[in-house]
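Single-structure report; data block below.
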Amino acid sequence: MRCSCTVFQAELTALHEAVIYASHLPNQNTSKIHVDNRASIMASSNSKSTNETARKIFKILLSNPRIKVSWVKAHAGNERADQLAKDATLHGQPYSHTKLPKPHIKGLLRKRMLEEWQTSWKNGDTGRKIYNITPSVSLRPTNWIREDIIFFSQHGPFPAYLKRFHLSDSDYCSCGGIGTALHYATECIYTVSWHTRKPAPNFEQEWLKSVANNLVSRHKIRGIIKFMSENRDLFRPP
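The numbers in the numbering used here rise by one with no breaks, and the one at position 119 of the sequence shown is 114.
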């Protein structure tokens, strides 16, 4: 069987082959099949099972009452069966009649989706400020809140942003500096309570990554954004 097949598929397939073999024996013979996998027995005893192989087993057993399937506890006396199973993996014929298991298909689709998402994120034209901080996509949500997103995307109550989108005539803060997100986090006199050390121009991107990955720094950023949102008039350009 394929490497992608599950143990349950293998157990169910083995039982299916066994009942097919038993169904072709002379009618006067009673066949007893001992199985040490309880899940495969439970599945094949349900006519409405979602597993196609299990339903096939059920139909064969229903039309051949002389075939008895019973559960036995796995024990050390099964060495011969284990050896035959190992020999089959080396010398047996490939068994290709099983479908790919749903978990395997989901895994393939998930991998493909993440690859396409990563390519789109890497080559996109938007969200570059966030990309520079978080270049890899993930299904695991970040613990960013509204204020974090506003600061790191630099789409918020910043004069430099407002002027860029023609929402303000000036990009200056009321303190006289250029009103960027970095300005409020490091040098504006009105947000001094939440300041962090200003990075050198060529280390600004590394500084943003450091702040994004530091909870204490993010708390300071949140304080700045909340203060600016509550005191917009204070930050209007002169």
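We put the CB at the ideal spot given by N, CA and C, even for glycine. This structure is a prediction, so every number in the text was calculated from the model and none was measured.
Rounded straight-line distance, which links the Cα of GLN200 to that of ARG123: 12 Å
Buried versus exposed, by CB contacts within 10 Å (16 or more), TRP189: Buried.
Proximity test, THR181 beta-carbon vs the ligand ZN heavy atom, cut-off 8 Å: Ligands are entirely absent from the displayed structure, and the ligand ZN is therefore not among its contents.
Whole-angstrom C-beta distance between MET223 and TYR167, which should lie under 8 Å: TYR167 to MET223, Cβ: 15 Å. No contact.
Cutoff 6 Å; reference GLU6; Cβ partners in own chain excluding five residues on either side: If we look at GLU6 and ignore the five residues flanking it on each side, its Cβ neighbours are ASN32, SER35.
Limits of the unbroken beta strand (DSSP E) element including ILE28: Residues 26 to 30.
As assigned by DSSP and simplified to three states, the class of SER224: helix
Residue-level contact to chain C via CB, GLU12, 9 Å cutoff: You won't find chain C in this structure, because it holds only one protein chain.
Proximity winner among ILE28, GLY102, ARG105, SER133, relative to TRP116 (alpha-carbon distances): SER133
Inter-residue spacing [alpha-carbon to alpha-carbon] between LEU56 and LYS106: For LEU56 and LYS106, the distance between alpha carbons rounds to 40 Å.
Best match in ILE220, ASN46, LEU20 for proximity to PHE146 [C-alpha to C-alpha]: ILE220
Cβ-based burial, THR121 [other Cβ within 10 Å; buried from 16]: Burial state of THR121 is exposed, judged by a 10 Å Cβ sphere holding fewer than 16 other Cβ atoms.
SER163 and PRO233 closer than 9 Å at C-beta: no
Residue range of the alpha helix (DSSP H) that includes ILE144: 141 to 148
Three-state secondary structure assigned by DSSP to VAL206: Note: VAL206 maps to helix in three-state DSSP.
Contact belief for LYS63 with THR25 at Cβ below 8 Å, rounded distance in angstroms: Right, their Cβ atoms sit about 7 Å apart.
Three-state secondary structure assigned by DSSP to LYS193: coil
Buried/exposed call for ILE140, threshold 16 Cβ in 10 Å: ILE140 is exposed by the Cβ-count criterion.
Inter-residue CB distance, THR181 and LYS193 (contact presumed, cutoff 8 Å): Going by Cβ atoms, the distance from THR181 to LYS193 rounds to 4 Å, so yes, they are a contact pair.
Same chain only: Cβ atoms within 7 Å of LEU95, ignoring 5 sequence neighbours per side: SER(-1)
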